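Heads up: the sequence shown begins at 729 in our numbering, then just goes up one per residue. Notes to accompany the following structure.
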Amino acid sequence: MAGSSSYSVLPDQTMDNDDAQIGVAKTQGKYWGIFICWLLGNGCLFGFNGMLTIEDYYVYLFPKYHPTRIITLTYQPFVLATTAIFTYHEAKVNTRVRNLAGYTLFFLSSFGVIILDVLSSGSGGIAPFVGICTIAAAFGIADGHVQGGMTGDLSLMCPEFVQSFFGGVAASGAITAALRFFTKAVFENSRDGLRKGASMWQTNNQICIYLMVYL
């Protein structure tokens with residue numbers, strides 16, 4: 729009888745151990761998912777915040793065109809219009825494709841900032857300024873794709889994922905500002921330091937956005 733009772737306990741212990749291991753795996757996966765969502769939230773505004781943090785460079789290039797105002801005013805209508813269109817056609821849209829398209833557009837727009845600066849050789853003029861405004865509009869379209877789509881997808885998964893995503897959105901401004909201070913300090917006393925600092929920052933920005941698109 730004693731032997732039979734000992735055998736009856738073993739399956740229960742095994743089940744308890746399996747449940748504990750599954751619980752640990754779920755917890756670890758959840759924390760990893762929270763971190764990934766934070767990075768994806770960061771990627772939503774990383775590129776556009778990068779443009780805003782180098783506005784001192786744009787003020788130097790385009791003193792007559794008020795870039796500190798025009799870039800933001802160009803961005804806002806496009807993000808609002810894109811969000812409104814997706815809200816109206818929400819039932820017909822593949823959210824996964826929407827998110828991928830948005831992050832890809834973030835990457836291409838950030839790359840476009842670097843290419844435009846190289847092609848214009850850091851000179852001012854109306855044509856480069858129109859190009860900058862076009863890229864700002866592209867950032868707005870990308871943001872309209874991503875923020876609504878990611879919020880909808882994450883809302884179906886876990887509340888912590890949504891909180892982490894918007895925490896990343898909020899943190900992107902602080903991170904981009906800190907990185908910009910670093911690049912300005914590195915090239916502060918060098919010849920053409922303002923442009924070099926902006927170029928270095930945009931290159932770092934491009935690498936970060938590529939990693940977020942990959943995720």
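Every residue gets a Cβ at the ideal spot worked out from N, C-alpha and C, and that includes glycine. Source: prediction; values computed, not measured.
- Annotation for Asp881: Thr823 place their beta carbon closer than 6 Å to its own, counting only its chain and skipping 5 residues before and after.
- At a Cβ-Cβ threshold of 8 Å, Thr904 and Gly771 do not count as neighbours.
- Measuring C-alpha to C-alpha distances from Thr781 to each of Leu801, Ala926, Gln804 identifies Ala926 as the nearest.
- Put simply, the segment 837-851 does not touch the segment 899-913. Fewer than three CB pairs are less than 8 Å apart.
- Under the 10 Å beta carbon count, Ala812 is surrounded by fewer than 16 other beta carbons and is classified as exposed.
- Per the Cβ contact rule, the segment 795-811 is in contact with the segment 855-866 (3 or more Cβ pairs under 8 Å).
- Between Asn827 and Met878, the C-beta spacing is below 8 Å.
- With respect to the 8 Å criterion, Ala866 and Ser892 are not classified as neighbours on the basis of their beta carbons.
- According to the DSSP assignment, Lys792 belongs to no alpha helix (DSSP H), since it is labelled neither H nor E.
- Cβ contact annotation for Ile762 (same chain, cutoff 7 Å, sequence separation greater than five): Glu888, Phe889, Ser892, in chain order.
- Counting only the Cα atoms, Ala913 lies some 30 Å from Ile764.
- Nearest to Gln875 by alpha-carbon distance, out of Thr931, Lys792, Phe814, is Phe814.
- For His794 and Leu844, the gap between their C-alpha atoms comes out near 19 Å.
- CA-to-CA, the gap between Ile935 and Lys792 works out to about 32 Å.
- For Ser848, the uninterrupted alpha helix (DSSP H) run begins and ends at 823-848, by DSSP.
- Per DSSP, reduced to three states, the secondary structure at Ser927 is helical.
- Between Gly895 and Phe834, the CB-CB gap reaches or exceeds 8 Å.
- Under the three-state reduction of DSSP output, Ser851 falls in the coil class, being neither helix nor strand.
- Only buried fits Phe857, as 16 or more other CB atoms lie within 10 angstroms of its CB.
- Between Leu767 and Phe909, the alpha-carbon positions lie close to 21 Å from each other.
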